[in-house]
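Everything on this sheet refers to the single structure shown next.
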Amino acid sequence: MIAEQDVTIEDVFRAARGRPAQQAVTFDAEAVPIGSGVTVIERVGDGTHVELRLRGVGANRTFGAHVHQKPCTGEPSDSGSHYQNAHDPQQPSTNPAYANPLNEVWLDIRTDGRGDGGAAATQTWRFRPGQARSVVIHEHATHTGAGTAGTAGARLACVNVPFA
């Protein structure tokens, strides 16, 4: 049994462009308003459990969300590709053999009328050190079909997380 390690990030989204990297940044202030809240919790033992909670974002809508390889900056694309336990040699990965909720961490969220919502994912594996650095919020639910698997539209916001 591996000893438990917990990571909790709680922050509000700030404007991304033209600023140094923040803990939580929004690239689309209409969908993810400046000042809206985010919490990311990671619990690690023999596997990995990740929770994402959003507060005050776009109401009554579905957001895709995934763990990404690189940290957030002022540019949406800088957070890199999705973290994959078994790495797809073809990037960006849209092959359902790799881009799936068992090989990646998918945290799609449906918000309520206040723009609050949450999601969780539990994996049997752990992140490789330094290779999972952020959670990215996307514009719609994650696709699962061949050629589009793992895609969820534009990157709306990003949260830096020091995953264990």
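Quick note: the sequence shown uses the working numbering, first residue 1352, plus one each step.
Built from N, CA and C at the ideal position, the CB exists for glycine as well.
So, at 6 Å on beta carbons, what are the nonlocal neighbours of residue i in its own chain, with the 5 sequence-adjacent residues on each side left out?
| i | result |
| --- | --- |
| residue 1368 | 1425 |
| residue 1363 | 1386, 1388 |
Note down, in chain order, each residue of its chain lying with its Cβ closer than 7 Å to the Cβ of residue i, except the 5 sequence neighbours on either side.
| i | result |
| --- | --- |
| residue 1446 | 1439, 1500 |
| residue 1398 | 1473, 1474, 1475, 1476, 1477 |
| residue 1468 | 1405, 1460, 1461, 1462 |
| residue 1354 | For residue 1354, the predicted model reports a pLDDT of 46, less than 50, meaning its position is unreliable and no value from the coordinates is stated. |
Identify, in the order they occur along the chain, each residue of the same chain with its Cβ nearer than 8 Å to the Cβ of residue i, setting aside the five sequence neighbours on each side.
| i | result |
| --- | --- |
| residue 1444 | 1432, 1433, 1435, 1450, 1500, 1501 |
| residue 1381 | 1409 |
| residue 1421 | 1429, 1430, 1431, 1484, 1485 |
| residue 1352 | Low confidence applies here, because residue 1352 scores a pLDDT of 41, under 50, leaving its location unreliable and the question unanswered by this model. |
Going by alpha carbons, who is nearest to residue i out of the options?
| i | options | result |
| --- | --- | --- |
| residue 1457 | 1412, 1497, 1403 | 1403 |
| residue 1453 | 1515, 1423, 1476, 1465 | 1476 |
| residue 1376 | 1394, 1415, 1508 | 1508 |
| residue 1461 | 1394, 1442, 1493, 1455 | 1493 |
| residue 1407 | 1511, 1497, 1464 | 1464 |
| residue 1495 | 1379, 1414, 1448 | 1448 |
| residue 1414 | 1513, 1512, 1503, 1511 | 1503 |
| residue 1365 | 1357, 1384, 1356, 1358 | 1384 |
| residue 1466 | 1497, 1427, 1412 | 1412 |
Report yes or no: is there a C-beta of chain D within less than 9 Å of the C-beta of residue i?
| i | result |
| --- | --- |
| residue 1379 | Chain labels in this structure do not include chain D; a single protein chain is all it has. |
Kindly examine the ligand ADP and report whether one of its heavy atoms sits closer than 8 Å to the Cβ of residue i.
| i | result |
| --- | --- |
| residue 1392 | The ligand content of the structure shown is nil, which means the ligand ADP is not present either. |
Assuming residue i and residue j are in contact, meaning their beta carbons sit under 8 Å apart, how far apart are those beta carbons, in whole angstroms?
| i | j | result |
| --- | --- | --- |
| residue 1389 | residue 1405 | 6 Å |
| residue 1490 | residue 1505 | 5 Å |
| residue 1485 | residue 1400 | In fact, because the Cβ distance is near 17 Å, the residues do not count as touching under 8 Å. |
Item checked: Secondary structure, alpha helix (DSSP H): runs of 4+ residues fully inside the segment 1428-1454 -> For the segment 1428-1454, not a single whole alpha helix (DSSP H) run of length 4 or above is found.
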